[in-house]
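J.: This is the structure I want to talk about, given as structure tokens.
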Amino acid sequence: MTQPIVAIRNVCLDYGGFRALDGVSLDVNVGSRIVICGPSGSGKSTLLRCVNGLEPFQSGEVFVDGVGVRTCKDLPKLRLGVGMVFQHFELYPHLSVLDNVTLAPMKAKGLSRREAEEKARHYLDRVGILDQADKFPARLSGGQQQRAAIARALTLEPKVMMFDEPTSALDPEMIGEVLKVMRDLARDGMTMLVVTHEMGFAREVADEIVFMDKGRIVEHSGVSAFFAAPKTARAREFLDRILLKI
Amino acid sequence: MDWNVVSANFPLLMRGLGTSLQLAAVVIVLSFPIGCLIAIGRLSRRRWLSAVCAGFVHTLRSNPLVLILFWFYFSVPLIIGRSIDDGASVIVAFVVFFAAYFGEIVRAGVQSVGTRQVQAGLSSGLSYAQTMRYIVLPQAIRSMRPALTTQCIVVFQGTTVAYVIGYHELMHTTSMIAERTVRPVELYSFAAVAYFAVCYAGSLLSRHFEKQA
């Protein structure tokens, strides 16, 4: 078996007495699509931030393509391999969409402007907003902004893409267009680690579901098993509540 | 009223205004970059560095400018054992004093950009310095422009404090002529108009930036 692209090993994280992550371990294999769900404050987003070294943790280790995050001397290089999409898009408001997408390829990866723009246009086209390339982010709808943010991450050609509640800040009618882009990515074989409450998306696209509560993974199963019969009471309760809402 | 006293002394008064503007310009050009360094220091994760910078800012902001000036003018020569030039002590005192204020403006500007933008930059593989340079500072400076302009006006007004050690800026020049000619009303009125013109032009600029932001 090939080694996992991301290997999370017994990660613990304390925020001054509050245990945000409590011994989390998870393997993300190449080509797998893992959805992480759970109540707010359960540590899902924190876990993603540990993977690319944005959040320092006290014990355990995360390996990205075999490189340990805690001992890594060159975090910027490691992060190039891990695309990240945020809940609130985090496009840079002072730059056009195209410049948003080309900034890191040029400054972090050392591509020429021409190469970077070529790649950027390719990925903007792929998420369906090439015609918005010269606009500033504030001119775009929420759905378009999030698709621009996805293109920005894809242009670095990462080995794994992480999504942190990518549709939570969107109006309902814009969720679909973002999920479609993510579904297309999954179909093309992208390795994905997705924190979301979109259970429809999880059921359709994911092959594993991780359920977190109070900083721990309380359930980790295949999609059909999870939706058919959650093993833990906590997960059952959560599913009931979230599915009833929809 | 005898306004002739103003026209008779006009070249001298203008030289005073020129000295005031020059002093303000030198102070701004030197204290802004120092303020930037202090702001970066205050935001540093190194506890001792941010404590030192915070201490500097709080000390300076909790003292009147005139006292800081006296301190440099009277105490520093005693400490170092030799006299220093009037102009030098004025500039050093003003730069130190206003660097603290510029530092606070820059710190607030950088913080207004928010950590999520920093995280976005870092997660795309940019270094911390690159994230600051390409993402945080351009946004921070845009939002800081009105406050920076206002602070420049305050610096210009602050140059009047140099009067107390006989530095020949506009306030001192005006009072010298007023004493000599015994025409304080006309001369101080003229000085008021001159200060108003410069400061009002500055606040118009500040308002312009505010509208842009």
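From first to last, the protein sequence lines are chains F and V. Quick note on numbering: numbering that gives the first Met the number 0 labels position 219 of the first sequence as 218, and the sequence is numbered without any gaps. Quick note on numbering: numbering that gives the first Met the number 0 labels position 8 of the second sequence as 7, and the sequence is numbered without any gaps. In this text, a Cβ means the ideal position worked out from N, Cα and C, and glycines have one as well.
Is it the case that the Cβ atoms of V:Thr173 and V:Ala200 are separated by a distance below 8 Å?
T.: Cβ atoms of V:Thr173 and V:Ala200: not closer than 8 Å.
J.: Is F:Gly141 helix, strand or coil by DSSP?
T.: The answer is helix: DSSP assigns F:Gly141 an H, G or I state.
J.: Could you give the DSSP three-state label for V:Tyr166: helix, strand or coil?
T.: V:Tyr166: coil per DSSP, three-state reduction.
J.: Compare the C-beta of F:Phe237 with all C-beta atoms of chain V and state if any pair is closer than 8 Å.
T.: It does not; no Cβ of chain V falls within 8 Å.
J.: Can you give me the C-alpha to C-alpha distance between V:Asp1 and V:Asn8, rounded to a whole angstrom?
T.: Each residue's Cα considered, the two are about 12 Å apart.
J.: For a quick check, are the C-beta atoms of F:Lys108 and F:Leu155 less than 8 Å apart?
T.: Taking 8 Å as the Cβ cut-off, F:Lys108 and F:Leu155 qualify as a contacting pair.
J.: Alpha carbon to alpha carbon, how far is F:Arg202 from F:Leu242? Give it in angstroms, no decimals.
T.: Rounded to whole angstroms, F:Leu242 to F:Arg202 spans 12 Å at the Cα level.
J.: By Cβ distance below 7 Å, which residues in the same chain neighbour F:Ser140 in space, the five residues on each side in sequence not counted?
T.: Counting only Cβ-Cβ distances below 7 Å, and skipping sequence neighbours, we find Met173.
J.: So which residues on chain V does F:Phe135 lean against when the C-beta distance must stay under 8 Å?
T.: Correct list: empty, because the minimum Cβ distance to chain V is about 12 Å.
J.: Which same chain residues end up closer than 6 Å to V:Gly40 when comparing Cβ atoms and leaving out the 5 residues on each side of it in sequence?
T.: Closer than 6 Å at Cβ, skipping near neighbours: Leu48, Cys52.
J.: Taking C-beta pairs closer than 9 Å, name the residues in chain F that V:Ala119 reaches, listed in chain order.
T.: Neighbours of V:Ala119 on chain F, chain order: Met83, Phe85, Phe88, Glu89, Leu90, Tyr91, Ala148, Arg151.
J.: Let me check one thing: in DSSP terms, what residues is F:Arg18 bridge-paired to?
T.: According to DSSP, which records beta bridges pairwise, F:Arg18 is partnered with F:Asp13.
J.: In the segment 9 to 34 of chain V, which residues sit with their C-beta less than 9 Å from some C-beta in chain F, listed in chain order?
T.: Per Cβ criterion, the list is empty.
J.: Please report the straight-line C-alpha distance between F:Val23 and F:Asn51, rounded to a whole angstrom.
T.: Rounded to the nearest angstrom, the two C-alpha atoms are 15 Å apart.
J.: Of all the CB atoms in chain V, is at least one closer than 8 Å to the CB of F:Asn9?
T.: F:Asn9 does not count as touching chain V.
J.: Roughly how many angstroms lie between the CA atoms of V:Gly120 and V:Thr130, to the nearest whole one?
T.: Looking at the two C-alpha atoms, the distance is approximately 5 Å.
J.: Of all Cβ atoms in chain F, is any one closer than 8 Å to the Cβ of V:Gly124?
T.: Answer yes: the Cβ-Cβ gap between V:Gly124 and chain F drops below 8 Å somewhere.
J.: Report yes or no: is there a C-beta of chain V within less than 8 Å of the C-beta of F:Lys106?
T.: True, the Cβ-Cβ gap to chain V drops below 8 Å.
J.: What's the gap between the Cα of V:Leu68 and the Cα of F:Ala103?
T.: Straight-line Cα distance between these residues: approximately 47 Å.
J.: Look at F:Ala147 and F:Ile128 and say whether their C-beta atoms are less than 8 Å apart.
T.: In contact: F:Ala147 and F:Ile128 (Cβ atoms closer than 8 Å).
J.: Leaving out five residues on either side along the sequence, give the residues of the same chain with a beta carbon under 6 Å from the beta carbon of F:Phe200.
T.: Answer for F:Phe200: Leu178, listed in chain order.
J.: Out of F:Lys213, F:Arg48, F:Val126, F:Gly30, which has the shortest C-alpha to C-alpha gap to V:Ser117?
T.: The identity of residue 117 of chain V in the sequence shown is Val, whereas the question assumes Ser. Nearest option by C-alpha distance: F:Arg48.
J.: In three-state DSSP terms, what is V:Leu1?
T.: Note on identity: in this sequence residue 1 of chain V is Asp, with Leu being the wrong assignment. In the structure shown, V:Asp1 sits in coil (DSSP, three-state: anything other than H, G, I, E or B).
J.: Say whether chain V places a C-beta atom closer than 8 Å to the C-beta of F:Arg78.
T.: Chain V contact via Cβ: present.
J.: From F:Gly37, F:Gly15, F:Glu236, F:Ala119, pick the residue whose C-alpha is nearest to that of F:Met211; which is it?
T.: F:Met211 has its Cα closest to that of F:Gly37, out of F:Gly37, F:Gly15, F:Glu236, F:Ala119.
J.: Secondary structure at F:Thr231, three-state DSSP: helix, strand or coil?
T.: If DSSP states are grouped into helix, strand and coil, F:Thr231 belongs with coil.
J.: When the cut-off is 8 Å and only beta carbons count, does F:Ala19 lie next to chain V?
T.: Judged by the 8 Å Cβ criterion, F:Ala19 is not in contact with chain V.
J.: Quick one: what's got a C-beta closer than 6 Å to V:Pro145's C-beta in the same chain, skipping five residues either side?
T.: Excluding positions up to five away in sequence, the list reads Ser205, Phe208, Glu209.
J.: Taking F:Pro38 as the query, report the chain V residues whose CB atoms sit under 7 Å from its CB, ordered along the chain.
T.: Neighbours of F:Pro38 on chain V: none; closest Cβ ~22 Å, over 7 Å.
J.: Skipping 5 residues on each side, what residues in its chain have a beta carbon closer than 6 Å to that of F:Val29?
T.: The residues are Ile4, Thr190.
J.: Starting from F:Met160, trace the beta strand (DSSP E) both ways and give me its first and last residue.
T.: Where F:Met160 is concerned, the enclosing beta strand (DSSP E) stretches over 159 to 163.
J.: Can you grab the Cα-Cα spacing for the pair V:Val184 / V:Ala177, in whole Å?
T.: Their backbone Cα atoms lie some 8 Å apart in a straight line.
J.: Terminal residues of the continuous beta strand (DSSP E) containing F:Arg212?
T.: Reading the sequence as shown, one finds Asp at residue 212 of chain F and not Arg. First-last of the beta strand (DSSP E) with F:Asp212: 207 to 212.
J.: One question on the structure: do F:Val27 and F:Val81 come within less than 8 Å of each other, judged by their Cβ atoms?
T.: No, the pair does not count as a contact, with Cβ atoms beyond the cut-off.
J.: Can you tell which of F:Gly65, F:Lys106, F:Ser220 has its C-alpha closest to the C-alpha of F:Glu207?
T.: Residue F:Ser220 is the option with its Cα nearest to F:Glu207.
J.: Using a beta-carbon distance below 8 Å, is V:Gln138 in contact with chain F?
T.: True, the Cβ-Cβ gap to chain F drops below 8 Å.
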